[in-house]
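So the protein lines, in turn, are chains A and B.
For the first sequence, UniProt numbering assigns the number 1 to the initial residue and increments by one for each residue that follows.
For the second sequence, UniProt numbering assigns the number 1 to the initial residue and increments by one for each residue that follows.
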Amino acid sequence: MSTPSRKRLMRDFKRLQQDPPAGISGAPHDNNIMLWNAVIFGPDDTPWDGGTFKLSLQFSEDYPNKPPTVRFVSRMFHPNSKFVVCSILIVYADGSICLDILQNQWSPIYDVAAILTSIQSLLCDPNPNSPANAEAARMFSENKRDYNRRVRDIVEQSWTAD
Amino acid sequence: MANQTEAGPRKRKAVDGELGVDAVTIMETNQLPAEEEDAIDSNPNNNSVGAGASGTHEVFPEEYEWSCFRDAEIMQQQAAIREEAIKVPYVRDKEPLSALAAEFELGSSILKEKIRLLGEQYTALRRTRGDGNCFYRSFMFAYLEHILETQDISEVERINGNVEQCKLTLQSLGYTEFTYEDFFSIFKEQLESVLQGKETSISTEELLSRSRDQFVSDYVVMFFRFVTSGEIRKRAEFFEPFITGLTNTSVEQFCKSSVEPMGEECDHVHIIALSDALGVAIRVVYLDRSSCDNGPVAVNHHDFIPAASADGSTEPFVTLLYRPGHYDILYRR
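Given below as structure tokens:
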């Protein structure tokens, strides 16, 4: 059955194959175009360098008018914790993600490549200029060393986790 | 460690939606030392996190650490408004203007007088759902209904030219073509089908039912959002001072957060951009409590005349009624 969302996802896939952004790969499951696996490589020259992070993206028939549910698959984090990547990206113990463009700032202009690139770029730049969360911003500037140490732990875990 | 285990079940309640109770405990967790921050349990069963139904603010436990009781109340109220909103169709049936008078029967005398004056020029109104898309939705229906009634083929040809131009604009701005092309084709399909005498032609009833259909209606709204955003970005220099004055953000950020997501309300800036991009004049009639100190009460309106048709002869055929925070469609005598 070819619905508008499925047709659109085929185009998302084609774009990702033909013109993959650096450090990103993704593909739908063989038998289910609504469910994707993706990998983001930790950007060079950041504490995330060398990490390989698996994600899953679950789409609905409302895509692209509604965002997919994106979560990290690799168990990257200590159980019972969440990780504040930056003031606008938070990852929970179960891998689910809190990111504005995947919630109330979603727009159909984002395709799969753009979603993954956004997440990747937030790893690059852990402190975007977001006055909304001054609290988180302050945490980074005060605990930079602690933050980097925790990121390195996550990166090492990403090599062994399946 | 003690804090960890205690915080867990407490935070879970926030997810369950007991906002009132939880607001208090949230203020307690605010007191936790900073390093406890990431030790706080997030509910592993909380499927709503990341599920992100567009336009909804889900209850994220972590938001509470930075918020206070009042925010919780606001969120609860916003949820109630959304629930109320989905009970009415996107575009409602045409109503006589007297329906508006009845609504304000106990209202201020200025409003009542203005409604009486409106009655001299307008016969009816058609309400739209107050979901943040009401301007675009009203514009969509008013425009397509006008074409359906007038069968103005030269206007259709003209706007088709502008739509193609908008496509080129998005292309040159670096938008990925497949992210917007479906929205463009759904709009063009509607435009095509209101012209009569073809296999695909539709009646006013069918136009109404399509405007109430989530797929068609939201796709056309999103089409207008793309067009608006493209126009603002293309003429960033022109729009920048207005945007900085309005929101204190960059043009880029404004488009990303206030134009492109569904449910983001329409302001003066958006209307100028949409009217210019499509070359369609729009009249907005303001129903508010403003009045002059001396002289009789008058109903203000503003005509958005597209920059390209500055010959002054353009009389808007799309007329919208603005009440603070909401747009509906007005019908002239």
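Using N, Cα and C, we set each Cβ at its ideal position, and we do this for glycine too.
Computed from a predicted model, the values in this text were never measured in an experiment.
TODO: Give a yes or no on whether the minimum CB-CB distance between GLU315 of chain B and chain A is below 8 Å.
DONE: no
TODO: Run the CB neighbour count on ILE272 of chain B, radius 10 Å, all protein chains shown included, and call it buried at 16 or more, exposed below.
DONE: buried
TODO: Please work out which residues of its chain come closer than 6 Å, Cβ to Cβ, to CYS98 of chain A, disregarding the five sequence neighbours upstream and downstream, and give them in chain order.
DONE: ILE90
Open item on the list: Quick check: VAL318 of chain B and ALA142 of chain B, are their CB atoms within less than 8 Å of each other?
Closed with: yes
Task: C-beta atoms of VAL216 of chain B and ILE232 of chain B nearer than 8 Å - done: no
Open item on the list: Considering only their Cβ atoms, is the gap separating PHE13 of chain A from ALA22 of chain A smaller than 8 Å?
Closed with: no
TODO: Anything in the segment 172-197 of chain B with a Cβ closer than 8 Å to a Cβ of chain E? List those residues in chain order, please.
DONE: Protein chains A and B are contained in the structure displayed, whereas chain E is not.
Open item on the list: Check this for me: beta carbons of PRO316 of chain B and ASP328 of chain B, under 8 Å apart or not?
Closed with: no
Open item on the list: Just to make sure I have the definition right: I need the residues of chain B whose C-beta is within less than 7 Å of the C-beta of PRO4 of chain A. Which are they?
Closed with: ASP182
Task: Extent of the continuous alpha helix (DSSP H) run through PHE183 of chain B - done: 177-194
- [ ] Indicate the three-state DSSP secondary structure (helix, strand or coil) for ALA22 of chain A in the structure shown.
- [x] coil
Open item on the list: Using a Cβ distance threshold of 8 Å, determine whether the segment 104-118 of chain A contacts the segment 248-268 of chain B, with at least three qualifying pairs required.
Closed with: yes
Open item on the list: Quick check: the Cα distance between ALA298 of chain B and SER98 of chain B, rounded to an integer number of angstroms?
Closed with: 18 Å
Open item on the list: Per the DSSP calculation, TRP36 of chain A is bridged to which residue(s)?
Closed with: A:PRO28, A:LEU57
Open item on the list: Within 10 Å of its beta-carbon, does VAL151 of chain A have 16 or more other beta-carbons around it, so buried, or fewer, so exposed?
Closed with: buried
Task: Spatial distance of ASP16 of chain B from ASP94 of chain A (CA atoms) - done: Bear in mind that the predicted position of ASP16 of chain B carries a pLDDT of just 34, short of 50, making it unreliable; the figure below should be weighed with that in mind. One C-alpha to the other measures close to 17 Å.
Open item on the list: Which of the three DSSP states is assigned to SER258 of chain B in this structure?
Closed with: helix
TODO: Could you tell me whether the Cβ of PRO47 of chain A comes closer than 8 Å to any Cβ of chain B?
DONE: no
Task: 8 Å Cβ cut-off: residues of chain A touching PRO261 of chain B - done: ASN104, GLN105, TRP106, SER107
Open item on the list: Please list, in chain order, the residues of the segment 120-141 of chain B that have any C-beta partner in chain A closer than 9 Å.
Closed with: none
TODO: State the start and end residues of the unbroken beta strand (DSSP E) segment that holds ALA124 of chain B.
DONE: 122-128
Open item on the list: For PRO324 of chain B, count the other beta carbons within 10 Å of its own beta carbon; 16 or more makes it buried, fewer makes it exposed. Which is it?
Closed with: exposed
Open item on the list: Give me the residue from A:SER96, A:GLY51, A:ARG145 with the minimum Cα distance to GLN157 of chain A.
Closed with: A:GLY51
Open item on the list: Measuring only from the beta carbon, is SER275 of chain B closer than 7 Å to any heavy atom that is part of the ligand GDP?
Closed with: Within the structure as shown, the ligand GDP is missing, as the structure has no ligands at all.
Open item on the list: Any beta carbon of chain B sitting closer than 8 Å to that of ASN148 of chain A?
Closed with: no
Open item on the list: Quick check on LYS87 of chain B: does DSSP put it in helix, strand or coil?
Closed with: coil
Task: Per-residue contacts from ARG15 of chain A into chain B (C-beta, under 8 Å) - done: THR176, PHE178
- [ ] Using a Cβ cut-off of 7 Å, pull out every chain A residue sitting near SER257 of chain B, in sequence order please.
- [x] GLN105
TODO: Determine the DSSP secondary structure at PHE72 of chain A, reduced to helix, strand or coil.
DONE: strand
Task: DSSP beta-bridge partners of LEU321 of chain B - done: B:VAL285, B:ASP328
Open item on the list: Which residue marks the beginning of the alpha helix (DSSP H) containing PHE223 of chain B, and which one marks its end?
Closed with: 214-234
- [ ] Mark LYS144 of chain A as exposed unless 16 or more other C-beta atoms lie within 10 angstroms of its C-beta, in which case mark it buried.
- [x] exposed
Open item on the list: Check whether the segment 224-240 of chain B and the segment 277-286 of chain B are in contact - that is, three or more C-beta pairs closer than 8 Å.
Closed with: yes
- [ ] Thinking LYS94 of chain B and ARG126 of chain B are a contact (beta carbons under 8 Å), I'd like their distance in whole angstroms, please.
- [x] 5 Å
- [ ] Using a cut-off of 9 Å between C-beta atoms, extract the partners of ARG8 of chain A located in chain B.
- [x] PHE178, THR179, ASP182
TODO: Might you give, ordered along the chain, the residues of its own chain that have their beta carbon closer than 7 Å to the beta carbon of VAL70 of chain A, omitting 5 neighbours on each side?
DONE: LEU55, LEU57, ILE97, LEU102, ILE115
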